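I have placed the structure first, in the form of structure tokens, so that the comments after it can refer back to it.
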Amino acid sequence: TMIINGANDPYWTVDALNLYWDDLKSPRWGEYVPNAGHNLVEKKAGIPDVTRVSNTLGAFARHQIHGIAMPKLTWKHDDADGKPRLTVRSEPMPKIARLWVADAEKRDFRKSLWKEQPATIGADAIVGVIEAPAAGYRVFYGEMEYELDGMTYYLSTQVRVLEKN
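Heads up, our numbering is the position in the sequence shown plus 11, with the first residue counted as 1.
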């Protein structure tokens, strides 16, 4: 199962996938498209871009058609030294890993701007740490970048929504 969601989809809350992810039959993969709505068209500096979606769907199809195993991902959201942390294990390891982070005054991220932050690829895990929100709400997820037949594609973790305490 491959699920692709726009991170700014006006019809679903940003964390809707968390409600049913565990009930989906494995194997399963997901991708959130940052700065994209229900149409999954990412806006990069105001310019529409469908590369993230088309490459991810294309790679998923190639994996299935040719019997090539998709990357195996597991992750855990927790806190370290009072900061929100995401730890991801991937087999194989991605070539690049990042966090996508967005802020909102209320728990409504439909018009939020998603910003990229680096994650660290270690020997056996990928780790990303962010600051807790100073006000309002903050949401984040991890994204791993892979390559198949010279084509870059992306897989994401579930999101975590944080509220200022």
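We put the beta carbon where it would ideally sit given N, CA and C, even for glycine.
Remember, predicted model here, so these are calculated numbers, not experimental data.
For residue i and residue j, what's the separation of their Cα atoms in angstroms?
i	j	result
V170	A18	10 Å
P105	D26	24 Å
T131	Y22	33 Å
N16	N46	11 Å
D90	Y164	28 Å
W125	A113	5 Å
E42	V172	17 Å
D119	T168	20 Å
F71	D33	20 Å
H74	D160	10 Å
I76	G69	10 Å
Let me confirm a value: residue i is counted as buried when at least 16 other C-beta atoms fall within 10 Å, else exposed. Which label applies?
i	result
S37	exposed
G139	buried
T62	exposed
R100	exposed
D135	exposed
L30	exposed
G78	exposed
G57	exposed
T67	buried
A153	The sequence as given places Gly at residue 153; Ala does not occur at that position. Per the 10 Å Cβ criterion, buried.
Quick one: residues in its chain with C-beta nearer than 7 Å to the C-beta of residue i, no 5 flanking neighbours on either side, listed in chain order?
i	result
A115	S123, G147 and Y148
E142	K94
E158	K106
So, at 6 Å on beta carbons, what are the nonlocal neighbours of residue i in its own chain, with the 5 sequence-adjacent residues on each side left out?
i	result
E102	K83
T12	L35 and R39
I137	V99, A108 and A130
V52	P59 and V61
R121	N19 and P21
I14	G41
H49	G17, D20 and Y22
T85	R100
Measuring alpha carbon to alpha carbon, tell me which residue in the options is nearest residue i.
i	options	result
Q128	R118, W111 and F120	W111
L97	M155, W32, L35 and G161	M155
T24	K117, A80 and H88	K117
M162	N50, V44 and V64	V64
K87	N176, E174, F151 and D160	F151
Within 8 Å (strictly less), CB to CB, does residue i reach chain B?
i	result
A146	Absent from the structure: chain B. Only one protein chain is present.
Item to complete: At 3 residues or longer, and completely inside the stretch 97–125: list those beta strand (DSSP E) runs for me, N to C.
Response: 107–115
Worksheet item: Could you give the uninterrupted runs of the alpha helix (DSSP H) lying entirely in the stretch 26–98, keeping only those of 4 residues or more?
Response: 28–31 and 62–77
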